[in-house]
Amino acid sequence: MQPGLAGRLLDGHTLARLTDLADLDPALVVDDFTEPRAAAALARTEVLISSWGCPPLDEAVLARAPALRAVVHAAGSVRHHITDACWRRGIQVTSAAWANALPVAEYTVAAVLFANKQVLRLREDYRARRAWHDWQAAYATAGNYRRTVGIIGASRIGRRVLDLLRPYDLDVVLHDPFVAPDRARELGARPVELDELCALGDVVSVHAPELPTTRHLLDRRRLALMRDGATLINTSRGSLVDQDALLAELTTGRLNAVLDVTDPEVLPPDSPLYDLPNVLLTPHVAGSLGGELHRMAAAAVDELARYSAGLPFAHAVHALDMHQSA
30 MQPGLAGRLL DGHTLARLTD LADLDPALVV DDFTEPRAAA ALARTEVLIS
80 SWGCPPLDEA VLARAPALRA VVHAAGSVRH HITDACWRRG IQVTSAAWAN
130 ALPVAEYTVA AVLFANKQVL RLREDYRARR AWHDWQAAYA TAGNYRRTVG
180 IIGASRIGRR VLDLLRPYDL DVVLHDPFVA PDRARELGAR PVELDELCAL
230 GDVVSVHAPE LPTTRHLLDR RRLALMRDGA TLINTSRGSL VDQDALLAEL
280 TTGRLNAVLD VTDPEVLPPD SPLYDLPNVL LTPHVAGSLG GELHRMAAAA
330 VDELARYSAG LPFAHAVHAL DMHQSA
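Using our numbering, you'd call the opening residue of the sequence shown number 30 and step up by one each time.
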């Protein structure tokens, strides 16, 4: 994993559990499998605990890890380091993606509620006026009562968002080509086609995986379908949205956006997105941050405990999952 991450990931309680379960050196944290310490450890490793920054486990790495049987990922997606070679070798894989999904969903729901309350516009208005104003008259269309929220993708995060939105008086619509209409309704949403979702939503939130088929899923045409004053929330991946087309809409003030991800991931310093008053921009932190990292580590150690007891992983990742998930 990334240098310095282990100390933030593992609190004292979880580290104690880990050392009780496994024969390991807690000080051995690597991000390069070719360095001598890593190579020596890899030769006898049965279970690899990984997180953000793990290099790809390709044929060359696996050849130096003859005893490797499982990878326990204390983070979300395994797409960046679990290769086809892992599946061919029959290595078991599990991920704490479910734990990382919780804060993303919480961030999203907070953004939905603030977006419908028109908080960004209110902030700028109040800052400019600095005096009493008839806010009820000026913001007659604000609020969360009977607003329409469109969810793109019933992913792990998307489903959690749907669950968290249940208590609110919202009309929730869902587009996911892999979810049957009856299942969508069970999840608390009305199934619709993507174009209809874009046209209906006061808020449109993106939770589809990053795949070749989802690049620029929200293109210029679909962004143009969104109603005036609507808000786009993206906590998935920047590539799912045509950013140039979105910037054109945002610059006019017709749309608003809450963007935790962009394309490129770190925007150039002169990007207008940093300064537009109708954009809330955060640096890919909707997922686990600060103390939330401990939940992912605890989830990983829970899986290691199952493995040690001869039980199947509770949150196993399979090769077929890679075609439909992040």
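For every residue, glycine included, the Cβ atom is placed at its ideal position computed from N, Cα and C.
Take residue 114, set aside five residues on each side of it, and the residues of its chain with a beta-carbon closer than 6 Å to its own are 87, 88 and 91, in chain order. Taking a C-beta distance under 8 Å as the contact criterion, residue 286 and residue 314 do not qualify as a contact pair. Annotation: residue 179 is outside any alpha helix (DSSP H); the continuous beta strand (DSSP E) that includes it extends over 176-181.
Distance from the CA of residue 103 to the CA of residue 146, rounded to the nearest whole angstrom, comes to 36 Å. Taking 8 Å as the cut-off, the beta carbon of residue 231 is found no closer than this to the beta carbon of residue 281.
Under the three-state reduction of DSSP, residue 268 is assigned to helix. Taking each of 142, 302, 223 and 74 in turn and checking the Cα distance to residue 289, the smallest one comes out for 302. Each residue's CA atom was taken as its position, placing residue 202 and residue 130 some 20 Å apart.
For the set 137, 163, 222 and 319, the Cα lying nearest the Cα of residue 186 is the one of 137. Under DSSP, residue 121 takes part in a beta bridge, and its partners are 99.
At a Cβ-Cβ threshold of 8 Å, residue 271 and residue 247 count as neighbours.
For residue 285, the enclosing beta strand (DSSP E) starts and ends at 285-288. Under the DSSP assignment, residue 204 falls in the beta strand (DSSP E) whose first and last residues are 199-204.
In this structure, the beta-carbon distance from residue 30 to residue 105 does not fall below 8 Å. Judged by DSSP secondary structure, residue 309 falls outside any alpha helix (DSSP H) and instead within the beta strand (DSSP E) spanning 308-310.
A contact is defined here as three or more CB-CB pairs under 8 Å, and the region 58-68 fails this definition with respect to the region 40-50. Residue pairing of residue 261 in beta bridges, as defined by DSSP: 233 and 286. Assigned with DSSP and collapsed to three states, residue 79 falls in strand. In its chain, beyond the 5 residues on either side, 176 and 178 have a beta carbon closer than 6 Å to the beta carbon of residue 199. In the three-state scheme derived from DSSP, where H, G and I count as helix and E and B as strand, residue 218 is classed as coil.
Residue 50 sits close to residue 334, with the two beta carbons spaced by under 8 Å. Your pair residue 213 and residue 220 checks out as a contact, with CB atoms roughly 4 Å apart and the cut at 8 Å. For residue 127, the enclosing alpha helix (DSSP H) starts and ends at 126-145.
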